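In the working numbering, the protein residues as written are 799 to 945.
Beta carbons are placed, not taken as given, at the ideal position from N, Cα and C, and that holds for glycine.
Being a predicted model, the structure only gives us computed values, none of them experimental.
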């Protein structure tokens, strides 16, 4: 049974508009899930910061990006509703990504706060020689039960 639409300011607006809250039973607890389409439920929304780094100068740009992440990680941990912060680095394609996962119900509040400290971090890494293609993306994120 579908309940009222989720009062999320955006959740990357298109996802929220097509989502409904439905109860999902689990052995641990009952929680409300958002549904994009039948079988596609979520309770987590993630914001990704991504860029390319250069292997030049003994990977100096990678080391600098990591320093800037270290400077904002405390602030990320204080974002209401944060579930996890993950860093992804690919040495082959030179990707660097930070994935900040939040409880879907809290995501709109973080969006209203302009995803702080996103602007500080992105402006800092854009000034690093060798860092290119600095982008952001919002998406849902859910573990897939493989049992």
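Item, Value
"Cut-off 8 angstroms between Cβ atoms - residues of its own chain near residue 867, not counting five sequence neighbours on either side", "885, 896 and 919"
"CA-to-CA distance, residue 903 to residue 830, given in whole angstroms", "10 angstroms"
"Cβ contact check for the stretch 923-937 and the stretch 874-884: 3 or more pairs under 8 angstroms", "no"
"Distance between beta carbons of residue 938 and residue 843, contact taken as under 8 angstroms", "6 angstroms"
"Which listed residue (845, 924 and 839) has its alpha carbon closest to that of residue 912", "845"
"Boundaries of the alpha helix (DSSP H) in which residue 851 is found, first to last residue", "Note, residue 851: premise wrong, no alpha helix (DSSP H); not H, not E."
"Where residue 868 sits in the DSSP three-state scheme", "helix"
"Selection from 941, 860, 898 and 839 that minimises the alpha carbon distance to residue 925", "860"
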